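Participant:
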Amino acid sequence: MLEPMLPENPFQDPLRFEPRTPECAIVIFGASGDLAKRKLMPALYRLAYDRRLSAGFAVIGVSRTPLSDEQYREKMLAAVREFSEDTKIDDEVWGAFARGLFYVAGDAGDPALYGRLGQKLAEVEQARSTGGNVLFYLSLQPSQYAPAALGLGAAGLGKGNGWRRLVVEKPFGHDLASARELSAQIHQVFGESDVYRIDHYLGKETVQNILAVRFGNGIFEPLWNRRYVNHVQITGAESIGVEGRGAYYQEAGALADMIQNHLLQVMATIAMEPAASFRAASVRDERSKLLRSMRPMTAEEIRTNAVPGQYGPARVGGQDLPGFRQEPGVDPRSRTDTYAAATFFVENWRWAGVPFYLRTGKRLPKRVTEIAIQFNAAPLAIFDGEGGDRPPNLLILRIQPEEGISLKFLSKRPGAGIELRPVSMDFNYGSSFGERSPSAYETLLLDAIAGDATLYTRQDMVEASWAVVEPIQNAWREAAPDFPNYAAGTWGPAAADEMLARRGHAWRRP
Amino acid sequence: MTAGALSPDRILRELAELWVATGKDGHAETGAGVLRACAMTLIVLAEESEDMASLDETLAALMPEHPARTILVRLRGTGAALAERVYAQCWMPFGERRQICCERIEIAAPDASLADLPSVLAPLAAPDLPVVLWWRGARPIETPEFASLAAVAGKVILDSATLRDARAALAWLAGLAQGGVLLGDLSWTLLTRWREMLSGVFENREYQARLAEISNVVVAFAGDRPPVFACYMGAWVADALADAGVRAKLAWQPRPQLTGRALRVELTGGDFRVALERQDDRLTIQTGGLSHRTNLPQPTDYLLMREELGIVRRDAVFERTLASAARLAAALP
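Going down the list, the protein sequences come from chains A and B. If you count the first sequence from 1, you need to add 80 to reach the numbering used here. If you count the second sequence from 1, you need to add 22 to reach the numbering used here.
1. Check whether chain A comes within 7 Å of Glu125(B), counting only Cβ atoms and requiring the distance to be less than that.
2. With H, G and I counted as helix, E and B as strand and the rest as coil, what does DSSP make of Gln390(A)?
3. Could you please give the first and the last residue of the uninterrupted alpha helix (DSSP H) stretch that includes Ser209(B)?
4. Any idea what DSSP makes of Tyr328(A), helix, strand or coil?
5. Hey, would you say Gln553(A) sits closer than 7 Å to Leu335(A), going by beta carbons?
6. For Arg126(B) versus Thr165(B), is the C-beta distance shorter than 7 Å?
7. Are Ala183(B) and Leu344(B) close, meaning C-beta to C-beta below 7 Å?
8. Okay, do the stretch 399-412 of chain A and the stretch 364-371 of chain A touch, 3+ Cβ pairs below 8 Å being the bar?
9. Do you know how far the Cα of Met327(B) is from the Cα of Leu350(B)?
10. Flag this pair as yes or no: are the beta carbons of Ala576(A) and Val387(A) separated by less than 7 Å?
11. Where does Leu86(A) fall in DSSP's three states?
12. I believe Tyr152(A) touches Tyr183(A) by the beta-carbon criterion, under 8 Å. Please report the beta-carbon distance rounded to the nearest angstrom.
13. Can you name the residues that DSSP bridges to Val184(A)?
14. Interface residues of chain A around Val339(B) at Cβ under 8 Å?
15. Taking Cβ-Cβ distances shorter than 9 Å, what residues in chain B pair up with Ser134(A)?
16. Under 6 Å: does the beta carbon of Glu330(B) sit that close to some heavy atom of the ligand MG?
17. With a CB to CB cut of under 7 Å and the five nearest residues on each side skipped, what residues in its chain are close to Pro551(A)?
18. If you follow the beta strand (DSSP E) that Pro502(A) is part of, which residue opens it and which one closes it?
19. Could you check what DSSP says for His267(A) in three-state terms: helix, strand or coil?
20. Using a C-beta to C-beta distance shorter than 9 Å, which residues of chain A count as neighbours of Arg217(B)?
21. Using a Cβ-Cβ distance cut-off of 7 Å, determine whether Leu67(B) contacts chain A.
22. If you check the beta carbons only, do Asp181(B) and Ser209(B) fall under 7 Å apart?
23. Counting along the chain, where does the alpha helix (DSSP H) carrying Asn310(A) start and finish?
24. Which whole-angstrom value describes the C-beta separation of Tyr521(A) and Gly233(A), a residue pair presumed to lie in contact below a C-beta threshold of 8 Å?
25. What are the residues of the stretch 158-180 of chain A that lie near chain B, defined by any Cβ-Cβ distance shorter than 9 Å?
26. For the beta strand (DSSP E) that Asn238(B) lies in, which residues bound it at each end?
27. Could you tell me whether any Cβ in chain B is nearer than 7 Å to the Cβ of Arg100(A)?
28. In terms of residue numbering, what span does the alpha helix (DSSP H) encompassing Asp577(A) cover?
29. Is the CB of Leu151(B) under 7 Å away from at least one CB in chain D?
30. Expressed to the nearest angstrom, what Euclidean distance is found between the alpha-carbon atoms of Val35(A) and Asn473(A)?
31. Between Glu586(A) and Pro149(B), what straight-line distance do the alpha-carbon atoms span, to the nearest angstrom?
32. Which term fits Leu155(B), buried or exposed, when burial requires 16 or more other beta carbons within 10 angstroms of its beta carbon?
33. Closest by CA to Arg372(A), which one among Glu427(A), Asp274(A) and Leu580(A)?
34. Determine whether the Cβ of Thr214(B) lies closer than 7 Å to any Cβ atom of chain A.
35. With a threshold of 7 Å between beta carbons, is Arg589(A) in contact with chain B?
36. Checking 7 Å against the spacing of the C-beta atoms, do Ala131(B) and Leu139(B) come in under that value?
Dropping the structure here:
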């Protein structure tokens, strides 16, 4: 039966008020885990601190450890104190927030858990006026995603008085077949429109700003095509190693951990066609279309257009750094890629023939994520002494750590004669908008509560990116790479430089 | 005194030289130069007798979020002719290597030169960016040059709380708005978080369904007569209820126990009751039998201006509330 239509809230003032969020309960599976403590709870507390959550709000933590509501609240307070980087703990705000925190102990694979959870949800709906809306957040081991979704379904919790949504953390499968299988199991309980696959990269302010820059301005889009763009480089570099996650990481690798999701989503945002509107369906349709326009590589193309790497030990800044195989929990003969670089092509009229170079790696010289769009050189060198090595025009979109945009172009050096010198026109996101940027999890949690899936990944996008990545993954598994092939603290294996050099290009040094 | 004695061209030249020097200094200090940031021109008119150090702090705090070419006009009554100085205000964002700088022009203006100011200010505005005029204090309403100064800017920000008579202030502001001046009133800005909390109550479907039951609205305030912000609150609530088809009776209530900018708003009907009251840095919301207190720091000039500078376009809700508040104030005994 349809709900009776309620009038719009007449007190709304969208120009000045923060966007409204409906009342709801969030059920966090894996409530004692790292993600919940480091990211989810600090993000939720910050939203409460900023008064972004409805008064009818509650969190139910679910985890195996037996805890009372009060013990769970204490544990979460400790987590917020430790991991909230820029939010002070206000006793009164925390007190009001903590009164909405509840706990249910149990294993996601145990059907009895869902009976207890259902009972708690009913109590919380009454006590906290959550309107029957529930956001289930799976912060679990990937192998438990399907059992949790099916458990919710079997207990009848996939439907209720209000809406029911499911947030799933990456990885969405470990290959195309497993991604499809996971999706099919989840769809037994939740429709695709109620499934929110989280890729926290898309929640970053500056990734969203790519869309604003591209489609909010008239000057860039005419140049955004094969006629003017020479090639695009997307770098997601980390200076740290596996930081105690060696056992997990050696099952995933850089290609699956970063390129399959984060970097391909960034590439889709850079290269997609303009959406008809900024609604979830339109934007996701265009991202998906772009990913489906990428042709999977043949075996021969993989040999020349994809480079795996693994870091070896090195001394950096006076410190001895272990190689990947020396990291705790890692197999000393591990063939896992800690570095991956690939050249992709988009087969559409806009981008045909333009290489998109993607690279990611651990233990690279610095932590940086950026997109560099290199434009074609002027067709004629008319200035004396220019030679053939003019620095290219570059538009650089920096995602982290210093978010901003730089345009590099040539200018006349002051003095007699004409001598050209590259200059940079910089826009610094932080200095132009000094207000604090919300964390990616704050943005994405609010979006999920509000039912806005624009920044979430849809199943067809997951499948399209696996279709591109899986052949590379398979080829690398079958080969016997000569690892380690780059030293910690360097920009990756020489083969990655050669991959670009074959087309007359070179990696930027960000 | 004529504006000829104070040449905009010379000031702009000094600004250009300032950037060359600042760039060199930045290079020498950090090796990374400086980044010039400018998203608008902010013209501030303030009496020289004001606490300039406090105003400086407010302007400095605003710059990271609203980097601007700031033109501070110090109004000094009598005294010497127009005089100026230019300087850069820089800060180093945490963890970064490069300083970010905004430019500041200070002009000292005796009353006799007010008529000359627009011809000086207009060419000094940064091209192609919004111009906002913030006139502090009570003087605008009685200054004949107000219209020509306001015409330099795309938006004019005032604080009607500084104007003596709420009824006259609202009538004057409503007239300006009707005449096409894009206005901001800090007495309205003051209410944003309050209004948001009241609106939040009606995000709950249960309360939203009971909107039609509301028959009375009481706005309680300190003092004998409702100040401008109380008029705004009453007008806004009445307009919003009218939008929902609810005709509620609006009453004003002086309350001796309230002080300063304190305000209490109560919406009632049958057994339904919603009340908001501010005490110190806390706002208490009562809905039915439940009472909920939330953090609501007293807004400073910085917080109010931070919000107003973020809105450089028509604010339909404010304009409508201003017109209604002026009507309500005119009808007060």
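The beta-carbon is built from N, C-alpha and C at its ideal position, and this holds for glycine as well. Computed from a predicted structure; not experimentally measured.
Facilitator: Checking against the coordinates, here is how it stands:
1. As a working note, residue 125(B) is residue 103 in the second sequence. For Glu125(B), the answer is no, since every Cβ of chain A falls outside 7 Å of its Cβ.
2. The residue given as residue 390(A) occupies position 310 in the first sequence. DSSP places Gln390(A) in coil when its eight states are reduced to three.
3. Reading the second sequence from its first residue, position 187 is the one you call residue 209(B). Ser209(B) -> alpha helix (DSSP H) spans Leu208 to Thr211.
4. For the purposes of this step, residue 328(A) is identified with residue 248 of the first sequence, where counting begins at 1. Tyr328(A): helix per DSSP, three-state reduction.
5. Numbered from its first residue, the first sequence carries residue 553(A) at position 473. Numbered from its first residue, the first sequence carries residue 335(A) at position 255. Yes, Cβ-Cβ distance for Gln553(A) and Leu335(A) is below 7 Å.
6. Against the second sequence, residue 126(B) aligns to sequence position 104. Against the second sequence, residue 165(B) aligns to sequence position 143. Not in contact: Arg126(B) and Thr165(B) (Cβ atoms no closer than 7 Å).
7. For the purposes of this step, residue 183(B) is taken as the residue at position 161 of the second sequence. For the purposes of this step, residue 344(B) is taken as the residue at position 322 of the second sequence. The answer is no: Cβ separation not under 7 Å.
8. no
9. As a working note, residue 350(B) is residue 328 in the second sequence. As a working note, residue 327(B) is residue 305 in the second sequence. If you take the alpha carbons of Leu350(B) and Met327(B), they lie about 26 Å apart.
10. Within the first sequence, the letter at position 496 stands for residue 576(A). Within the first sequence, the letter at position 307 stands for residue 387(A). Yes, they are a contact pair.
11. Against the first sequence, residue 86(A) aligns to sequence position 6. Model confidence at Leu86(A) stands at a pLDDT of 46, short of 50, so the residue's coordinates are unreliable and nothing is read from them.
12. Residue numbering aside, residue 152(A) sits at position 72 when the first sequence is read from its first letter. Residue numbering aside, residue 183(A) sits at position 103 when the first sequence is read from its first letter. At roughly 4 Å, the Cβ-Cβ gap stays under 8 Å, so Tyr152(A) and Tyr183(A) are in contact.
13. Walking along the first sequence from the start, residue 184(A) turns up at place 104. Val184(A) is bridged to Val142(A).
14. Within the second sequence, residue 339(B) is the residue found at index 317, counting from 1. Chain A residues near Val339(B): Asp93, Leu95 and Arg96.
15. Reading the first sequence from its first residue, position 54 is the one you call residue 134(A). The answer, in chain order, is Gly222, Glu225 and Asn226.
16. Of the ligands one can find in the structure shown there are none, so the ligand MG has no counterpart to examine.
17. Along the first sequence, one-based indexing puts residue 551(A) at 471. Same-chain partners within the cutoff: Pro376, Met377 and Ile382.
18. As a first step, residue 502(A) is located in the first sequence; it is residue number 422 there, counting from the start. Where Pro502(A) is concerned, the enclosing beta strand (DSSP E) stretches over Leu500 to Asn508.
19. Residue mapping note: residue 267(A) aligns to position 187 of the first sequence, counting from 1. Of the three classes helix, strand and coil, the one that applies to His267(A) here is helix, per DSSP.
20. Here residue 217(B) is taken as the residue at index 195 of the second sequence, counted from 1. Within 9 Å Cβ-Cβ: Phe91, Asp93, Arg96 and Phe97.
21. To locate residue 67(B), count along the second sequence from 1; it is residue 45. Taking Cβ atoms only, chain A never reaches closer than 7 Å to Leu67(B), which makes this a no.
22. Here residue 181(B) is taken as the residue at index 159 of the second sequence, counted from 1. Here residue 209(B) is taken as the residue at index 187 of the second sequence, counted from 1. Yes; because the gap between Cβ atoms is below 7 Å, this pair is in contact.
23. Here the question's residue 310(A) lines up with position 230 in the first sequence. Run containing Asn310(A): none in the alpha helix (DSSP H); it sits in the beta strand (DSSP E), Val309 to Ala317.
24. On the first sequence, position 441 is the one that residue 521(A) refers to. On the first sequence, position 153 is the one that residue 233(A) refers to. So it is not a contact: roughly 26 Å between Cβ atoms.
25. Asp170, Glu172, Val173 and Ala176
26. Residue mapping note: residue 238(B) aligns to position 216 of the second sequence, counting from 1. Where Asn238(B) is concerned, the enclosing beta strand (DSSP E) stretches over Asn238 to Phe243.
27. Position 20 of the first sequence, counted from the first residue, corresponds to residue 100(A). Cβ-Cβ to chain B under 7 Å: yes for Arg100(A).
28. As a working note, residue 577(A) is residue 497 in the first sequence. Start and end: Ala574 to Ala581.
29. Here the protein chains are A and B, and chain D is not one of them.
30. Residue 35(A) lies beyond the residue range present for chain A, which begins at 81 and ends at 590; the question has no answer from this structure.
31. Against the first sequence, residue 586(A) aligns to sequence position 506. Against the second sequence, residue 149(B) aligns to sequence position 127. Here residue 586(A) is Ala; the residue named in the question, Glu, does not match the sequence. Their Cα atoms are separated by approximately 39 Å.
32. Counted from its first residue, the second sequence places residue 155(B) at position 133. It counts as buried.
33. If you number the first sequence from 1, residue 372(A) lands on position 292. Residue Glu427(A) is the option with its Cα nearest to Arg372(A).
34. By one-based count along the second sequence, residue 214(B) stands at place 192. Yes - at least one Cβ of chain A is within 7 Å of the one on Thr214(B).
35. For the purposes of this step, residue 589(A) is taken as residue 509 along the first sequence, with counting starting at 1. Chain B contact via Cβ: absent.
36. Within the second sequence, numbered from 1, the residue matching residue 131(B) stands at position 109. Within the second sequence, numbered from 1, the residue matching residue 139(B) stands at position 117. It is a contact, given that the beta carbons lie within the stated cut-off.
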